[in-house]
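Residue numbers (the UniProt record's numbering): 1 to 355.
Everything below concerns the one structure shown next.
This is how it looks when you write it as structure tokens:
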């Protein structure tokens, strides 16, 4: 699997307007997001809940920066705008060209705050899945499926209302399409983990189908990314490269296993044709990033070694004709994973505001 941890690199802060002179204590006070200072409450219970929410958000802010009540009521809209919450983007290309630090985006909506917090939550679960991969395949696959469920919920339930916001620009993380892409990526990664378990049985025909299933999931993600120009034009090239390179890697592996399964049936000419096609296609899609390139190169070298072995065997023993490209079989995709649905926890009591 190729590694891509950028989605966890989100940062957040409160938007503020200060004069030229400001001491450190005043700066710290103004940049804290305190929901209880913005929303007037009618009872002590609501005040306690808002203070708890402020405390939890501060913990998130300090953690990632290293240091749902959503209403159309005009007063709530005005109060929400006074929160002045801003988030950075880990998937926006423009964020990497700011010399003074990450570029921040602001949308005056608690739905935006909820969406960004959930996006980060999904990214943290996905990162956790990668961390336990080497010690527990079952837990890793489960966590990837949970992350996929969070992003699926985001894309369908949380982010669509933000389409009507008047924000001049929005980061990729605040769009339904990118959450759909992340859900597909997590599903592909869950299936890739599951394949490691299947490799123990050595069924090359099944492995070819499973790897091609991963490739198909990533192909869906790639298609959505290239269809999001209306919703978000500022997608990181590295993010796009990760999706396309991962797709190409699993496609290469699917052809390798397909060739192995056909070799068992004695069709060495077809086997050679499949490996030649896989090698030519794979070499054209070599990723640029070094860490991904090294993974890809190992797979290319393995396919090259198999091809040389079978060509040598065919030259001296079988003398079978190698079919043309359009006469070769292609892998059949098989998808065996699904997302684990995300169900948000809700407060048992309703909040009461002075509206």
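Virtual Cβ for every residue (Gly too), placed ideally from N, Cα, C.
Under three-state DSSP, which class holds residue i?
i, result
"residue 8", "helix"
"residue 81", "helix"
"residue 177", "helix"
"residue 349", "coil"
"residue 235", "strand"
"residue 228", "coil"
"residue 23", "Confidence at residue 23 is low in this model, with a pLDDT of 44, below 50, so its placement is unreliable and the value that follows should be read with caution. Three-state result, residue 23: coil."
"residue 170", "coil"
"residue 42", "coil"
"residue 2", "coil"
"residue 183", "helix"
"residue 215", "helix"
"residue 354", "coil"
"residue 89", "coil"
"residue 160", "helix"
"residue 303", "helix"
"residue 322", "coil"
"residue 244", "helix"
"residue 74", "helix"
Where residue i and residue j are concerned, what is the direct C-alpha to C-alpha distance, given to the nearest angstrom?
i, j, result
"residue 294", "residue 221", "23 angstroms"
"residue 273", "residue 191", "27 angstroms"
"residue 241", "residue 313", "37 angstroms"
"residue 331", "residue 264", "16 angstroms"
"residue 9", "residue 345", "25 angstroms"
"residue 110", "residue 79", "10 angstroms"
"residue 210", "residue 199", "10 angstroms"
"residue 275", "residue 193", "24 angstroms"
"residue 116", "residue 151", "11 angstroms"
"residue 3", "residue 307", "28 angstroms"
"residue 289", "residue 305", "24 angstroms"
"residue 361", "residue 83", "Outside the displayed range of the chain (1 to 355) lies residue 361, so it cannot be described from this structure."
"residue 271", "residue 258", "8 angstroms"
"residue 143", "residue 86", "28 angstroms"
"residue 318", "residue 329", "20 angstroms"
"residue 104", "residue 169", "10 angstroms"
"residue 127", "residue 315", "48 angstroms"
"residue 341", "residue 89", "25 angstroms"
"residue 171", "residue 269", "50 angstroms"
"residue 235", "residue 133", "28 angstroms"
"residue 343", "residue 154", "11 angstroms"
"residue 137", "residue 203", "19 angstroms"
Here's the rule: buried if 16 or more other CB atoms are within 10 angstroms of the residue's CB, otherwise exposed. What is residue i?
i, result
"residue 336", "exposed"
"residue 43", "exposed"
"residue 173", "buried"
"residue 303", "buried"
"residue 131", "exposed"
"residue 182", "buried"
"residue 280", "exposed"
"residue 196", "exposed"
"residue 212", "buried"
"residue 321", "exposed"
"residue 37", "exposed"
"residue 188", "buried"
"residue 12", "buried"
"residue 237", "exposed"
"residue 327", "exposed"
"residue 119", "buried"
"residue 324", "exposed"
"residue 74", "exposed"
"residue 178", "buried"
"residue 135", "exposed"
"residue 163", "exposed"
"residue 22", "Because residue 22 carries a pLDDT of 44, less than 50, the predicted location of this residue cannot be relied on, and the following value inherits that uncertainty. Residue 22 should be labelled exposed."
From what residue to what residue does the beta strand (DSSP E) around residue i run?
i, result
"residue 316", "Run containing residue 316: none; DSSP gives neither H nor E here."
"residue 106", "104-106"
With a Cβ-Cβ cutoff of 9 angstroms, do residue i and residue j count as a contact?
i, j, result
"residue 215", "residue 254", "yes"
"residue 208", "residue 256", "yes"
"residue 339", "residue 146", "yes"
"residue 185", "residue 124", "no"
"residue 247", "residue 41", "no"
"residue 49", "residue 349", "yes"
"residue 205", "residue 261", "yes"
"residue 225", "residue 250", "no"
"residue 149", "residue 7", "no"
"residue 158", "residue 114", "yes"
Could you confirm whether any beta carbon from chain D is found closer than 9 angstroms to the beta carbon of residue i?
i, result
"residue 336", "Within the model displayed, chain D is absent; a lone protein chain is all it includes."
Under DSSP, the alpha helix (DSSP H) around residue i begins and ends at which residues?
i, result
"residue 339", "Segment: none, residue 339 is in no alpha helix (DSSP H) and carries neither H nor E."
"residue 116", "110-131"
"residue 139", "137-153"
"residue 357", "Residue 357 is absent from the structure shown; the chain starts at 1 and stops at 355."
For the ligand MG, I want to know if residue i counts as a neighbour, meaning its beta carbon is within less than 8 angstroms of at least one of the ligand's heavy atoms.
i, result
"residue 103", "The ligand content of the structure shown is nil, which means the ligand MG is not present either."
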